[in-house]
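Asks: Structure provided below as structure tokens; questions to follow.
Chains as they are written, first to last, in UniProt numbering: chain P, 1 to 200; chain H, 1 to 200.
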């Protein structure tokens, strides 16, 4: 069960994180932030809970305030493939399903207790239409999300598993402390045994 | 050499294509489109010419009016990896280099004679700041670009070459008529011989 302590508005201690995150790109007046936060709700999840389940509707796009998530696709043979991890200050969802209002083809699951701010597609549109600064903010995030994906494609095409391991270690050292080795192996597309050879 | 017949403004026959493309997402008044087109220039390239070369600056983001391009990364051993193709109605650039104003790590090369509308990062920012409709347009394009990349990652993680071949054929049948088989093989990460077994 989802522990929804503040189902209709942001909890006070999450204001600060969300505002600081947005203001890395666009400064906001108090009045503007009051408008922004009306569009978000807060959710808290325990480790192993699901934010999105494959085959179900995707209601929200999530901003991670604290915790760690994995975005996973399960293939026909039941094998899990990790598309990405998401931790503090990252946005995550099954964006195809979210933007087209179709069923999820990926699941989003907590690897740690996690707090998120999230909004519906309707509120995302209202927020962008009502405040150009927020449209600008999301455009910046989307452009850099797109760049990140382009780099991952390039890495999958050009690098072997050991090189991908080294790139990941360099780019996101925190992941190596927090993510179980079996999941890192899945993200890199290698067996757990192969990964332990890199780690030595 | 680049054949730049209209270096400072859009050629009349390209207006229509660009406007129709934008108006699939946001309707524009004549006055608004006059403002939009001030920010673009037109370029024409011959087959085999480069729009972007690895190691050089990336000045423009390109909208393809006609023609076909490949976005390619060359690895240390000299092997080419095709990150994507781009044809009519697609946007393409080395976006990491474009947005961070760093040197290109990919090249963008014509597979056919190609006409593009393009703009500098400075003009992109001016256009977004001056007309919220355009910020909204680019946000939509960026979100769907991000989704496309997420799907390609998933396909690289979960599908074998034959499945990727079938997905590509279904999604972009036109590519199979226009792209040499050797390049399709490179995009799919298989040898030319393997590809011909799929095609039969």
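Cβ atoms here follow ideal geometry from the backbone N, Cα and C, with glycine treated the same way.
(1) Around the C-beta of residue 192 of chain H, are 16 or more other C-beta atoms found within 10 angstroms, so that it is buried, or is it exposed?
(2) Find the nearest neighbour of residue 61 of chain H within the set H:91, H:147, H:76 and H:78, judged by alpha-carbon distance.
(3) Hey, residue 86 of chain H and residue 56 of chain H are a contact pair by Cβ (cut 8 Å); roughly how many whole angstroms apart?
(4) Are residue 18 of chain P and residue 40 of chain P touching if we call contact CB-CB under 8 Å?
(5) What beta strand (DSSP E) runs, 3 residues minimum, are completely inside the stretch 25-53 of chain P?
(6) Any beta-carbon of chain H closer than 8 Å to the one on residue 147 of chain P?
(7) Note down, in chain order, every chain P residue with its Cβ under 9 Å from the Cβ of residue 21 of chain H.
(8) In the UniProt domain "Cyclic nucleotide-binding" (43-129) of chain H, which residue ranges form an unbroken alpha helix (DSSP H) of at least 4 residues, counting only runs that do not cross its ends?
(9) Under 8 Å by Cβ, that's how I've got residue 131 of chain H and residue 36 of chain H pegged, so tell me the actual separation to the nearest angstrom.
(10) Quick check on this structure: which residue in P:94, P:72 and P:139 has the alpha carbon closest to the alpha carbon of residue 26 of chain P?
(11) Looking at the secondary structure, which residues open and close the alpha helix (DSSP H) in which residue 148 of chain H lies?
(12) Would you kindly report the start and end of the unbroken alpha helix (DSSP H) that includes residue 172 of chain P?
(13) Report the option in P:50, P:123 and P:16 whose CA atom is closest to the CA atom of residue 114 of chain P.
(14) Quick one: does residue 75 of chain P have its CB under 8 Å from some CB of chain H?
(15) Counting only beta-carbon atoms, is residue 156 of chain H nearer than 8 Å to chain P?
(16) Can the beta-carbon of residue 118 of chain H be found less than 8 Å from the beta-carbon of residue 181 of chain H?
(17) Run the CB neighbour count on residue 201 of chain H, radius 10 Å, all protein chains shown included, and call it buried at 16 or more, exposed below.
(18) I think residue 98 of chain P touches residue 121 of chain P, with their Cβ atoms under 8 Å apart; what is that distance to the nearest whole Å?
(19) Does residue 5 of chain P come within less than 8 Å of chain H when only Cβ atoms are used?
(20) Under DSSP, the alpha helix (DSSP H) around residue 182 of chain H begins and ends at which residues?
(21) If residue 83 of chain H sits next to residue 154 of chain P, beta carbons under 8 Å apart, how far is it from one beta carbon to the other, in whole angstroms?
(22) For residue 136 of chain H, which residues in the same chain have their Cβ closer than 7 Å to its Cβ, ignoring the five residues on either side in sequence?
(23) Have a look at P:175, P:107, P:75 and P:146 and flag the residue whose alpha-carbon is nearest the alpha-carbon of residue 48 of chain P.
Replies: Result, derived from the coordinates:
(1) Residue 192 of chain H should be labelled exposed.
(2) Comparing alpha carbon positions, the residue from H:91, H:147, H:76 and H:78 closest to residue 61 of chain H is H:91.
(3) No, residue 86 of chain H and residue 56 of chain H are not in contact; Cβ-Cβ is about 19 Å, not under 8 Å.
(4) With contacts defined by Cβ atoms closer than 8 Å, residue 18 of chain P and residue 40 of chain P form a contacting pair.
(5) If we require 3 residues or more, the beta strand (DSSP E) runs fully inside the stretch 25-53 of chain P come out as 41-45 and 50-52.
(6) So, interface residue.
(7) Near residue 21 of chain H there are no residues of chain P at all, since even the closest Cβ is about 18 Å away, more than 9 Å.
(8) Runs of the alpha helix (DSSP H) inside the UniProt domain "Cyclic nucleotide-binding" (43-129) of chain H: 95-100.
(9) Correct: roughly 7 Å between the Cβ atoms.
(10) Nearest option by C-alpha distance: P:139.
(11) Per DSSP, the continuous alpha helix (DSSP H) segment holding residue 148 of chain H begins and ends at 132-158.
(12) Neither: residue 172 of chain P is in no alpha helix (DSSP H) and is coded neither H nor E.
(13) Nearest C-alpha to residue 114 of chain P: P:50.
(14) For residue 75 of chain P, the answer is yes, since a Cβ of chain H falls inside 8 Å of its Cβ.
(15) By this cut-off, residue 156 of chain H is an interface position.
(16) Between residue 118 of chain H and residue 181 of chain H, the gap from beta carbon to beta carbon reaches 8 Å or more.
(17) Residue 201 of chain H falls outside the range modelled here, since chain H spans only 1 to 200, and no answer is possible.
(18) About 6 Å separates the beta carbon of residue 98 of chain P from that of residue 121 of chain P, a gap short enough to meet the 8 Å contact definition.
(19) At residue 5 of chain P the pLDDT is 45, less than 50, meaning the model places this residue with poor confidence; the figure from the coordinates comes in the next sentence. Chain H, which has no Cβ nearer than 8 Å to the Cβ of residue 5 of chain P, makes this no.
(20) Here the alpha helix (DSSP H) through residue 182 of chain H covers 181-188.
(21) With a Cβ gap of about 6 Å, residue 83 of chain H and residue 154 of chain P count as contacting.
(22) Only 26 meet the Cβ criterion.
(23) Answer by Cα proximity: P:107.
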